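**Q** The numbering of the sequence shown is my numbering, which starts it at 682 and goes up by one.
All C-beta atoms, glycine included, are put in the ideal place defined by N, C-alpha and C.
None of the values given here were measured: they were computed from a predicted structure.
Next up is a structure, given as structure tokens.
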Amino acid sequence: MKHISAIDYLCIDIANNVGKQGDFLGDKDTFENRIQWVKQNVNNLPDYYDKAEDKYQYLKAVIALADVLAGKPTGHTVALDAICSGISIMSAITGCLKGCKATGLVATGYRPDAYTAVTDAMNRMLSKQGIQTSISRKVAKEAVMQAGYGSTRKPKETFGEDTPELRAFEDACMEVAPEAFKLMRVMIDAWNPNALEHSWYMPDAFSVKIKVLEQKETKIYIKELDDACVTMITKENKPVKRGVSLAANFTHSVDAYIIRSMVRRCSYDVDSITKVLSIINSEIAAPTSHIAIPDKMEELLALYDVMNIPDTRILDYITKSTVNAVPKKYLLQLKNTISMMLHYGSFDILTIHDCIRSAPSNCNAVRYWYAEILAELADSNILDCIYEQITGTQHTFRKAVPNISSLIRQADYQLS
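Take a look at the structure:
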């Protein structure tokens, strides 16, 4: 991963918020070009205020840069966003090289954009059919976003029913991120028509429970108001024969797990973590005998056993009396994780879905941890485990590209 200076991250933040300006692509451009654009325009940055895509965030970042250059302290935070987080998550856990390249998880030499890739593929396919049209990125983006979470309605609303444009859209999605869109269908088909809820556990023992709700409309006529009709909409918890929400709910649950993991690895009590590291080092050097452990720790160990994800929530339960229950492989993984936590230090982050804010001086750490967590998910059995929890059926999902985690750790645009 390419390391960037704090002041250059501030430049990136300015460039992200000013957006496209002529040939400059804003947050779709490379880090180097974003930094260079700000340096070239440093004396007239306020002139771009009215042209900026996000005027207020742009102005805030420009003021922060002026303060930094004047030697004044600033509490400014830089926002780094995932590129098409839903597709990138599904691509990581399925080992999809194409999808990982399209979403920045694997290095390509440029700043990728899955929405543009789908748009370009659609237009190319339609042109080969002799259809002279030009689908815009804006139009394709909304359809890709919702299709990536299981929607079939939005693409049909956008491109029509059984049209060349709709078929080109579906083919383009499969070309850009094939395993992600295959997984979407798998999760839709995992729907249990007799269930009142679908539920599963995440690697940190977070319990996901999604009730099955059927929307019901009841018309009420009010006699005192000349039989005026009011429609009351309610939702009833009852089995539904068919639903598509599992595709979105599964992906969102992994997305939320990533953010919880980011918070644990970035913002922690240094003394407590240092103490746990000392306990782990002692156990590795001289293993002790096994004794009873807390129920929550036992649950986390069981999840590690089936998912193969070295989740850090277990650090809350490791003491001199319980460390012996943790397998040596897990202890070695935790040791490496804690070492990197202490290397980057503890700092505050702000998270909104797949957007993570931190001080510019901590952005390298944010990018490192995001890539590391996605790499761990790529190596894991999380898909097998959650699929079994939902369906009650064991299934081993083959990784399209094994060991893709090593490529994820080397890339630069997991967050942009």
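Can you tell me where the alpha helix (DSSP H) with Cys947 in it begins and where it stops?
**A** Residues Ser926 to Cys947.
**Q** Report buried or exposed for Pro1041, applying the criterion of at least 16 other Cβ atoms within 10 angstroms of its Cβ.
**A** So Pro1041 counts as buried.
**Q** In whole angstroms, give me the CA-to-CA distance for Thr955 and Ala886.
**A** C-alpha separation (whole angstroms): 24 Å.
**Q** I'd like the list of long-range same chain contacts for Ala876, defined as Cβ closer than 7 Å, with 5 residues on each side in sequence excluded.
**A** Here the set comprises Val893 and Pro920.
**Q** Are at least three pairs of beta-carbons, each pair with one atom in the segment 910 to 924 and one in the segment 994 to 1010, less than 8 Å apart?
**A** At 8 Å Cβ cutoff, the stretches do not touch.
**Q** Kindly indicate the opening and closing residues of the alpha helix (DSSP H) around Asn1125.
**A** Since the displayed the chain opens at 682 and closes at 1097, residue 1125 lies outside it and no answer follows.
**Q** How is Met682 classed by DSSP in three states: helix, strand or coil?
**A** Three-state DSSP puts Met682 in coil, outside helix and strand.
**Q** For Lys977, I'd like the list of residues in its chain whose CB is within less than 8 Å of its CB, leaving aside the five on either flank, ordered along the chain.
**A** Answer for Lys977: Ala886 and Tyr998, listed in chain order.
**Q** Determine, using beta carbons only, whether Thr899 comes closer than 8 Å to chain D.
**A** The structure shown contains no chain D, having only a single protein chain.
**Q** What residue from Lys1001, Leu786 and Trp1050 has the CA that sits closest to Ile972's CA?
**A** Taking only the C-alpha atoms, the option nearest Ile972 is Lys1001.
**Q** Please go through the same chain and pick out, in chain order, the residues whose beta-carbon is closer than 6 Å to the beta-carbon of Lys741, but skip the five residues on each side of it.
**A** Closer than 6 Å at the Cβ level, and outside the excluded window around Lys741, lies no residue.
**Q** Is Thr1000 helix, strand or coil when you go by DSSP?
**A** In this structure, Thr1000 counts as coil in the three-state DSSP scheme.
**Q** Which first and last residues belong to the alpha helix (DSSP H) in which Leu847 is found?
**A** First-last of the alpha helix (DSSP H) with Leu847: Pro845 to Val857.
**Q** In whole angstroms, what is the alpha-carbon distance linking Tyr1025 and Ile1054?
**A** About 15 Å.
**Q** Check for me: the beta strand (DSSP E) holding Lys736 runs from which residue to which?
**A** Taken as a continuous stretch (DSSP letters only), Lys736 belongs to no beta strand (DSSP E), being part of the alpha helix (DSSP H) at Lys736 to Leu750.
**Q** Which residues in the same chain as Ile914 place their Cβ atom closer than 6 Å to its Cβ, once the five residues preceding and following it in sequence are excluded?
**A** Cβ neighbours of Ile914 beyond the five flanking positions: Glu898.
**Q** Is DSSP giving Ile693 helix, strand or coil here?
**A** DSSP places Ile693 in helix when its eight states are reduced to three.
**Q** Do Asp1093 and Met803 have their C-beta atoms closer together than 8 Å?
**A** Not a contact, by the Cβ cut-off of 8 Å.
**Q** So Ser1097 packs on Arg792, CB below 8 Å; how close in whole Å?
**A** Contact holds; Cβ gap of about 6 Å.
**Q** What is the DSSP secondary structure of Val820, counted as helix, strand or coil?
**A** Residue state, collapsed to three classes: helix.
**Q** I need the boundaries of the beta strand (DSSP E) containing Thr993, first residue and last residue.
**A** Element bounds for Thr993: n/a, residue is neither H nor E.
**Q** Ile720 to Asp748, Cα distance in whole Å?
**A** Correcting the residue identity first, residue 720 is Lys in this sequence and not Ile. Rounded to whole angstroms, Lys720 to Asp748 spans 15 Å at the Cα level.
**Q** One question on the structure: do Ile1030 and Val935 come within less than 8 Å of each other, judged by their Cβ atoms?
**A** Contact flag unset, no.
**Q** To the nearest whole angstrom, what separates the beta carbons of Tyr1116 and Gly767, a pair I think is in contact under 8 Å?
**A** Nothing about residue 1116 can be reported from this structure: the residues present for the chain run from 682 to 1097 only.
**Q** Could you give the distance in angstroms between the alpha-carbon of Ile716 and the alpha-carbon of Ile1037?
**A** Answer to the nearest angstrom: the Cα atoms are 20 Å apart.
**Q** By Cβ distance, which residues of its chain are closer than 7 Å to Ala858, with the 5 residues on each side in sequence left out?
**A** Taken in chain order, the residues that qualify are Ile768, Ser772, Cys777, Lys779, Gly780, Ala783 and Ala795.
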